[in-house]
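There are 2 protein chains.
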Amino acid sequence: MCLKLVLNMAVATLRTEGTGPSFGATRQALLEAAADVFTRVGFRQATIREICQRAGANVAAINYHFGDKAGLYSEVLTTEGELAQRRFPAEAGVSKQASPEARLTAFIRSFLQRVLAEDLANRHGRMMAREMVEPTAALDRLVREVIQPQANLLATIVRALLPPGTDQTTARLCGLSIVGQILFYAHCRPVITRLEPRRAYDLVELDRLTSHITRFSLAALREFSRRPDSPALGVRRAASSRRAIRSKR
Amino acid sequence: MCLKLVLNMAVATLRTEGTGPSFGATRQALLEAAADVFTRVGFRQATIREICQRAGANVAAINYHFGDKAGLYSEVLTTEGELAQRRFPAEAGVSKQASPEARLTAFIRSFLQRVLAEDLANRHGRMMAREMVEPTAALDRLVREVIQPQANLLATIVRALLPPGTDQTTARLCGLSIVGQILFYAHCRPVITRLEPRRAYDLVELDRLTSHITRFSLAALREFSRRPDSPALGVRRAASSRRAIRSKR
DNA sequence: TGACAGTTCAAACATGTGTTTGAAACTCGT
DNA sequence: ACGAGTTTCAAACACATGTTTGAACTGTCA
Chain A
614 MCLKLVLNMA
624 VATLRTEGTG
634 PSFGATRQAL
644 LEAAADVFTR
654 VGFRQATIRE
664 ICQRAGANVA
674 AINYHFGDKA
684 GLYSEVLTTE
694 GELAQRRFPA
704 EAGVSKQASP
714 EARLTAFIRS
724 FLQRVLAEDL
734 ANRHGRMMAR
744 EMVEPTAALD
754 RLVREVIQPQ
764 ANLLATIVRA
774 LLPPGTDQTT
784 ARLCGLSIVG
794 QILFYAHCRP
804 VITRLEPRRA
814 YDLVELDRLT
824 SHITRFSLAA
834 LREFSRRPDS
844 PALGVRRAAS
854 SRRAIRSKR
Chain B
614 MCLKLVLNMA
624 VATLRTEGTG
634 PSFGATRQAL
644 LEAAADVFTR
654 VGFRQATIRE
664 ICQRAGANVA
674 AINYHFGDKA
684 GLYSEVLTTE
694 GELAQRRFPA
704 EAGVSKQASP
714 EARLTAFIRS
724 FLQRVLAEDL
734 ANRHGRMMAR
744 EMVEPTAALD
754 RLVREVIQPQ
764 ANLLATIVRA
774 LLPPGTDQTT
784 ARLCGLSIVG
794 QILFYAHCRP
804 VITRLEPRRA
814 YDLVELDRLT
824 SHITRFSLAA
834 LREFSRRPDS
844 PALGVRRAAS
854 SRRAIRSKR
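Residue numbers (the working numbering), protein chains in the order written: chain A, 614 to 862; chain B, 614 to 862.
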């Protein structure tokens, strides 16, 4: 923790669009390379040596421009976040006056896009997916700034699709059921590709998945509306399982 | 890669229940400690020094008894796998003659149990959950021996709940929708606890989740049966998104 | 007791990785 | 062209981690 370097970094950060020599080309190249490596292997597995090599920079460059590896990661995350926000607008162009069904469809499609596309424009989504599973210090901020708003949006859409009197827990769980279906394809990709090596996750498949998850979820919500408190077949909380889950080996 | 040590390991493995001094106590302690550490932090983050310290063994013990770190991991995985198979029987005690609804309920509850319980008896489930997201060389075997059979079981249950003529893709996607809802709670725990710090994942919550996911999924499948090829509101594959997903930065 | 195989141990080894250093190279205003 | 401020660089540092080594220890059997 050398004060001089910290100051260097602070200055370098301030003049991010300044007039310095070559307009911060190294800095920019580092951000670019880092985004690639971080999305591919995650924060911990990424090495600053690979990032610097890709950026054509010296290993000391990261510490000079960003303080340390975590600083670079944080910077990549916000940069890509701003980019993603412009690429994938929150409700994918569907207005708040649209029907709840249309809004849910838009939400699901947009979410799937962000999570599935292995595209340059989409590194943020894949970094987010990784943060959820293998969090770094950045997760707290991400939950506050990205995930919580999305959760709120989904909550209002779901509530609009359920009868007015629905209790909050049910509405919340329905939201999680929808999100779960989507994130499955982000998190379990290694398993899915092994189970079905042939299937490619291209645009056609994105459409298929959007269509299916929307249909599945809307169908469920409709039935929930129809019989608001059906006792959900097989709730029977078996005493046997209660035993099993507690037993020591 | 010293031949001598590899042979040592082979011998040590063979006599796993042998009559050696102290009946392989060190070996056993290593397996126990390793299972704890691997479930907590995963394969890569686990250090053999921590494992050995917990087991009260020397760092060289792992190489002596298991060849290397990966060998230990593989051994832990199979040991815990056998244990889990006895703890959580495949269909949770529901016979194949039971109604598809009952079988689905049992499947969901059993799956949730295996994935949620932070119990000694449950380390296998948590290691599996981790393998899906952050695979090691062991995943191929696990897909073959554990995941594929589960997927087949779920497939037959789902098909029984859908009309006979349903196309295979739809049935498959329904299965994935169910699995996705369940695994969400395994993979996104860091996010969930930040969104709702108060909620505890105890037995009551397990019952609630089982009940909800079952109800949600059965409702969806019922509606699917009712109108087999409803056009799923909002399939409209917007040209705009097609543009967005391809655009470079 | 003494040889022997199996096991444990402290220490060292080899490598990978984040970080720091001090000097050289570069840019730009004067 | 000069010099201050900025950036880059090769090298080294500090540390963590998987693995290996050779000696010491332990129990068994002759």
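C-beta: ideal position from N, C-alpha, C; glycine also.
Residue i: contacting residues in chain B (beta-carbon distance under 7 Å)
{"i": "A/L644", "result": "Under the 7 Å cutoff, chain B gives no residues; its nearest Cβ is about 11 Å from A/L644."}
{"i": "A/P748", "result": "P803"}
{"i": "A/V756", "result": "V804, R807, L808"}
Exposed unless 16 or more other CB atoms sit within 10 angstroms - verdict on residue i
{"i": "B/R743", "result": "buried"}
{"i": "A/T652", "result": "buried"}
{"i": "B/P634", "result": "With a pLDDT of 45 at B/P634, under the threshold of 50, the modelled position of that residue is not reliable, and the figure given next carries that caveat. By the neighbour-count rule (16 or more Cβ atoms within 10 Å), B/P634 is not buried but exposed."}
{"i": "B/V817", "result": "exposed"}
{"i": "B/G793", "result": "buried"}
{"i": "B/A813", "result": "exposed"}
{"i": "B/S712", "result": "exposed"}
{"i": "B/A734", "result": "buried"}
{"i": "B/G637", "result": "buried"}
{"i": "B/L767", "result": "buried"}
{"i": "A/R640", "result": "buried"}
Own chain partners of residue i with C-beta closer than 6 Å, once the 5 adjacent residues on each side are dropped
{"i": "B/C787", "result": "V771"}
{"i": "A/Y721", "result": "Strictly speaking, residue 721 of chain A in this sequence is Ile, with Tyr absent from that position. These residues qualify, in order along the chain: T823, I826, T827."}
{"i": "B/R839", "result": "none"}
{"i": "A/T749", "result": "F656"}
{"i": "A/R807", "result": "none"}
{"i": "B/A799", "result": "V728, A742"}
{"i": "A/I791", "result": "S830"}
Residues of its chain near residue i, where Cβ-Cβ distance is below 8 Å and the 5 sequence neighbours each way are ignored
{"i": "A/L643", "result": "I664, C665, A668, A670, A674, I675, H678, F679, L685"}
{"i": "B/L834", "result": "V771, L774, L775, C787"}
{"i": "A/A715", "result": "V707"}
Cross-chain neighbours of residue i in chain A, by beta carbon under 8 Å
{"i": "B/D753", "result": "R807"}
{"i": "B/A764", "result": "L808"}
{"i": "B/M745", "result": "H800, C801, P803, V804"}
{"i": "B/F610", "result": "Residue 610 of chain B is absent from the model: chain B starts at 614 and stops at 862."}
Under 7 Å by beta carbon: chain A residues contacting residue i
{"i": "B/Q794", "result": "S790, G793, Q794"}
{"i": "B/F720", "result": "Those within 7 Å of B/F720 in chain A number zero; the least Cβ separation is about 10 Å."}
Rounded C-alpha distance that separates residue i from residue j
{"i": "B/V672", "j": "B/V654", "result": "19 Å"}
{"i": "A/I805", "j": "A/V728", "result": "15 Å"}
{"i": "B/A784", "j": "B/D820", "result": "26 Å"}
{"i": "A/V756", "j": "A/E731", "result": "22 Å"}
{"i": "B/P803", "j": "A/V746", "result": "7 Å"}
{"i": "A/F837", "j": "B/A659", "result": "44 Å"}
{"i": "A/D815", "j": "A/Q726", "result": "10 Å"}
{"i": "B/L795", "j": "B/F724", "result": "It is worth fixing the name first, because residue 795 of chain B is Ile in this sequence and not Leu. So the two alpha carbons sit approximately 7 Å from each other."}
{"i": "B/A683", "j": "B/A647", "result": "11 Å"}
{"i": "A/F797", "j": "B/R700", "result": "26 Å"}
{"i": "A/D649", "j": "A/A764", "result": "27 Å"}
{"i": "A/P702", "j": "B/M741", "result": "35 Å"}
{"i": "A/Q781", "j": "B/D780", "result": "36 Å"}
{"i": "B/A832", "j": "A/A697", "result": "35 Å"}
{"i": "A/L789", "j": "A/E758", "result": "19 Å"}
{"i": "B/D753", "j": "A/K709", "result": "46 Å"}
{"i": "A/E809", "j": "A/E645", "result": "32 Å"}
{"i": "A/E695", "j": "A/Q761", "result": "16 Å"}
{"i": "B/R811", "j": "A/R811", "result": "43 Å"}
{"i": "A/T769", "j": "B/T769", "result": "35 Å"}
Close Cβ partners of residue i (< 7 Å) along its chain, the five nearest in sequence each way excluded
{"i": "A/A751", "result": "Y686, S687, L690, E744"}
{"i": "B/E693", "result": "A648, R736, H737, M740"}
{"i": "A/I661", "result": "V672, I675, K682"}
Any non-hydrogen atom of the ligand ZN closer than 6 Å to residue i Cβ
{"i": "A/Q763", "result": "The ligand ZN is not part of this structure, which contains no ligands at all."}
Interface partners of residue i on chain A, CB under 9 Å
{"i": "B/C787", "result": "H825, F829"}
{"i": "B/R656", "result": "Looking at the sequence shown, residue 656 of chain B is not Arg but Phe. Under the 9 Å cutoff, chain A gives no residues; its nearest Cβ is about 12 Å from B/F656."}
Partner residues on chain B for residue i, Cβ-Cβ distance less than 8 Å
{"i": "A/Q761", "result": "L808"}
9 Å Cβ cut-off: residues of chain B touching residue i
{"i": "A/F724", "result": "In chain order: nothing, as chain B lies at least about 12 Å away."}
Pull out every residue of the segment 827-838 of chain A whose Cβ sits closer than 9 Å to any Cβ of chain B, in chain order.
T827, R828, F829, S830, L831, A832, A833, L834, R835, E836, F837
If the cut-off is 8 Å on Cβ atoms, which residues from the segment 677-697 of chain B count as contacting chain A, listed in chain order?
The residues in question are L696.
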